[in-house]
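With this note's numbering as the guide, the letters of the sequence shown map in order to residues 23 to 792.
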Amino acid sequence: MAVRAVNTCSILRSASSPPFCTVRCLPFHFKTSYFRAYSTSKLGFSLPLLYSQRSFIDQGGVRSFSAHSLFDSVMDELRTSRRWRIICATSKIEIPAKGDSLEDRLGKRTIQKGLLLEFKKDSDRVLLAVAQKPDGKKNWMVSDQNGVVSSIKPQQVTYIVPGIEKFDHADIGDFIQKAQDNLDPALLEFAWVELLEKNKLVTTEELAEMIFGSAMPLESYCTHVLLSKDEIYFTVIEAKGSCSMYGARPTNQVEELLHRKLMKEASEKELQEFVQLLKSAKSMPMDAKPPKSTWLGEEKIRRKIESLELYAIDACKSDDQKKTAGLILKTMGLAKTASSAVYLLIDIGYFPVHVNLELLKLGIHTDHSEVVTEAAKSLLEESSDPDEHNRNDLTHLKVYAIDVDEADELDDALSATRLQDGRIKILIHVADPTRFLDPGNIVDRAAMKRGTSVFLPTITYPMFPEILAMEGMSLKQGENCNAVTVSVVLHFDGSVAEVSVENSVIKPTYMLTHESASELLHLDLAEEVELKLLSEAATLRLQWRCQQGAIDAANLETRIKVANPEDPEPLINLYVENQADPTMRLVSEMMILCGEAIATYGSRNSIPLPYRGQPQSDIDMSAFAHLPEGPVRSSALVKIMRAAEMDFRNPIRHGVLGIPGYVQFTSPIRRYIDLLAHYQVKAFLRGETLPFTPGQLEGMASIINMNTRVARRLSNISLRYWIIEYLRRQPKSRKYHALVLKFIKDRNAAIMLTEVSYILSINSCRGYVW
């Protein structure tokens, strides 16, 4: 029974379809599940459309289309046809005439037993196989070129070799070898030229006939392989399962693709050459590896090595750098991880064995620019002292400079005298860098960007260029040195009675380490009465501060100096300093005293300064009386300390130190926040307008404090690394004494190895000797 055609034009128009579209129906038999209609457009070609029988509606025994269903189907097919025509138009390919459809030319190929086919094994491999038997409704069991039998889905089949019905899988190897002998990519170029002129589409077999003169199985498969590897001359226009229709790419597109291919090949060659350099350097003995400068000389090598370096510290600036580093690691047979890049750079000698990755990650400037260094030299040679006629000569005083033995920047020293009424007068002499600097000059701006000197076990990165910091600014034994002297007279209870600040000239008598100062103090020599006075003043100050609520958080502190950090096994000198040691107490108390004195001086004279404070803890200190003094109590007390605060107009109480106000002032060569206080105080002493308002100080302090936190983090991480390296080198049989600082949940405890002042967590049930 035939279906009566209906006036679909009216239906389509009522459904808001484009006016140019008409539909005519072909005879249809109800036993068929689908019927075929042809959509004819003004473009002048026909394409097959398939509609479900459910699209019919029974209207008095006459079946007709559902308007909405028909309209949606027609529009979907039109969209498909338009996309197809755009592809053809872009490629300048001739559109097949009616009756010469792609489907007709491609035919329909189905998997049958004995057929030779190519299938996709995984994302990277395709194999030849012979179909053996069905596996379920859709899958097939195949025997591949390796003799492995497996089940594949129809979607995995990429090509069915035509003209073969019964193929023995044992012959696949010979078939592949013959195909390899015939694979000449140049053949595609000749075919492309011919097809470009004709503007025609071709099947694999038609192209095989053109380039091999035959469409036999071997030649057809060779053509398929050539096309599947081709990225230049041909593009797939239409695909039906394992069959495809190809068209020649436009000339300009081919030229662009050829250019890209050449660039890619050059890049791959360059990569291989670089990898060979890496392998060569990796195989060399440690002492014979090329220096770092070798890798930075040539541009193309430098780009790649820098990509690896940035990849190693997770700091790639672009996707290209990340991709380049990944390719290098993959070609070297390494995992694409940051640690792989680190070890590779160590193996070739670019990184030292003990590379400080954190220093690279944080991007801290280690070297001063040539411009800043030259400016520092000029300041050292040419600048005059603006306070030359306003300095008090204190060269007659005995002056003690006490610091660690490796200190390069000496910026404070101490003197003391007994007044006639029995009170002690302390003089804290601080180096005067403002003798060379003006706020805002090039050297000052560079120092502000750094914010602080960076002290690492391996090296010190000074805030100022070394020639200025260590030559012009630092205090030197036996030489006349410009300074700012803060004089403080103490009451008998240790509180501050009088404060004065003046420009001075001093001549340091002793440059002492903490160890030598401790020995000198222990000798109790009559001629060193000034040192004994300083110790007495420090004891008074500590007692007074504790009465004011100060928290004594003296602890053990590790200090490490690595003599030759570039060596694989450098010399590590480790010292553990007890901050409760008399000379350590002496220096720290004098520094705190100077901070309180400057805060008092600034308050009395209304000088905006970076006043630092810390709120008093509300916890009763007697709750910690049961804990032993030293690291155990200090560790517990640190947990209750509240965050520090800053004010730039008036002093604020520093509850932890137990003083009414505090300003960092004693390290202007090492800390820029101290230098800010110097700028303000020195301007006041000269009677000049103060360089900074409270608001300006606050803005600068926020930047400085951020940079200081970064430097502190770097120092802590570096110190921890070298402590662990020190422990690694110790004999496995060595035993360590430990203090249990606290117990943590699940039977874990925080302990401190006292020999190295290293804190770690252990399980208390592991059989340690307590």
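Note that CB positions come from ideal geometry on N, CA and C, so glycine has one too.
Remember, it's a predicted structure, so these values are computed and weren't measured experimentally.
Under 9 Å between the Cβ atoms of N168 and L149?
Yes, these two residues count as a Cβ contact at 9 Å.
Assign G319 to one of two classes, buried (16 or more other C-beta atoms within 10 Å of its C-beta) or exposed (fewer than that).
By the 10 Å Cβ count, G319 comes out exposed.
Just the C-alpha distance for L300 and M306, rounded to the nearest angstrom, thanks.
In a straight line, the C-alpha of L300 is about 10 Å away from that of M306.
Please state if the CB of P461 and the CB of Y701 are separated by a distance shorter than 9 Å.
For Y701 and P461, yes; Cβs fall inside 9 Å.
Within 10 angstroms of its Cβ, does Q294 collect 16 or more other Cβ (buried), or is it exposed?
That one is exposed.
Quick check on M285: buried or exposed, where buried means 16 or more other Cβ atoms within 10 Å of its Cβ?
When all chains shown are included, M285 counts as exposed.
Let me know the secondary structure DSSP gives L318 once reduced to three states.
Coil, per DSSP.
Along the chain, which unbroken stretches of the alpha helix (DSSP H) at least 4 residues long are found entirely within the segment 216-290?
Taking only runs of at least 4 residues, the alpha helix (DSSP H) segments lying wholly in the segment 216-290 are 226-234, 239-251.
Which partner residues of S437 appear in the DSSP bridge assignment?
In the DSSP output, where bridge partners are listed per residue, S437 has L449.
Could you work out which residue in P753, N785, M613, L382 is closest to K767 when comparing CA atoms only?
Considering only alpha carbons, the answer is N785.
Considering only residues of the same chain and omitting the five flanking positions on each side of S783, which have a CB-CB separation below 6 Å?
Taken in chain order, the residues that qualify are N770, A772.
Assuming contact is defined by CB atoms lying nearer than 9 Å, are S242 and E227 in contact in what I supplied?
For S242 and E227, yes; Cβs fall inside 9 Å.
Does R751 pass the burial test, meaning 16 or more other C-beta atoms within 10 Å, or should it be called exposed?
Exposed, by the Cβ-count rule.
Using a 10 Å radius around the Cβ and a threshold of 16 neighbouring Cβ atoms, would you call V212 buried or exposed?
The sequence given here has Phe at residue 212, not Val. Label assigned to F212: exposed.
Report yes if the C-beta distance between P487 and T395 is below 9 Å; otherwise report no.
Contact: yes.
Less than 9 Å between the C-beta atoms of M470 and I691, yes or no?
Not closer than 9 Å, so no.
Indicate whether A575 and P632 have their beta-carbon atoms separated by less than 9 Å.
Not in contact: A575 and P632 (Cβ atoms no closer than 9 Å).
Between W317 and chain D, is any beta-carbon pair separated by less than 9 Å?
Within the model displayed, chain D is absent; a lone protein chain is all it includes.
Going by the CB atoms, is the gap between L497 and A572 shorter than 9 Å?
No, they are not a contact pair.
Can you name, in chain order, every residue of its own chain whose Cβ lies under 6 Å from the Cβ of L562, other than the five neighbours on each side?
So the qualifying residues of the chain are G516.
Pull up the CB-CB distance for G677 and P637, whole angstroms please, since I reckon it's below 8 Å.
The Cβ separation is near 5 Å, so the contact holds.
Let me check understanding here. Comparing Cα to Cα, which of V164, D157, Q134 lies closest to K142?
It is V164 whose Cα lies nearest to the Cα of K142.
Just reading off the alpha helix (DSSP H) that F197 is part of, what are its end residues?
It spans 194-204 - the alpha helix (DSSP H) in which F197 sits, taken as one unbroken run.
Alpha carbon to alpha carbon, how far is Y597 from V375? Give it in angstroms, no decimals.
Answer to the nearest angstrom: the Cα atoms are 23 Å apart.
Tell me the DSSP secondary structure of T346 in three-state form.
Correct three-state label for T346: helix.
Using CA atoms only, rank isn't needed, just tell me which of A363, K554, F234, R413 is closest to R708.
Per the Cα distances, R413.
At the level of alpha carbons, what is the spacing between L72 and K222?
Because L72 sits at a pLDDT of 31, beneath the cut-off of 50, its placement in the model cannot be relied upon, and the following sentence gives the value as read from the coordinates. Cα to Cα, the separation comes out at about 27 Å.
As an exercise, report each continuous alpha helix (DSSP H) stretch of at least 4 residues that is fully enclosed by the segment 132-194, in chain order.
Correct list: empty.
Hey, how far is the Cα of E278 from the Cα of R271?
About 11 Å.
Does Y694 come out as helix, strand or coil in the three-state DSSP assignment?
Helix at Y694.
Quick check on the DSSP output: the beta strand (DSSP E) that includes V510 runs from which residue to which?
V510 -> beta strand (DSSP E) spans 503-512.
May I ask you to report which of helix, strand or coil DSSP gives G717?
Three-state result, G717: helix.
Indicate the three-state DSSP secondary structure (helix, strand or coil) for F646 in the structure shown.
In the structure shown, F646 sits in a helix (DSSP, three-state: H, G or I).
Thinking C-alpha only, which one of V183, W317, F189 is nearest M238?
Among V183, W317, F189, the Cα nearest to that of M238 is on V183.
Can you give me the Cβ contacts of A308 inside the same chain, cut-off strictly under 7 Å, excluding the 5 residues immediately before and after it?
Sequence check: residue 308 is Met here, not Ala. Cβ within range, chain order: P590.
Suppose you measure from the CA of E392 to the CA of Q275; what does that come to, to the nearest Å?
Looking at the two C-alpha atoms, the distance is approximately 50 Å.
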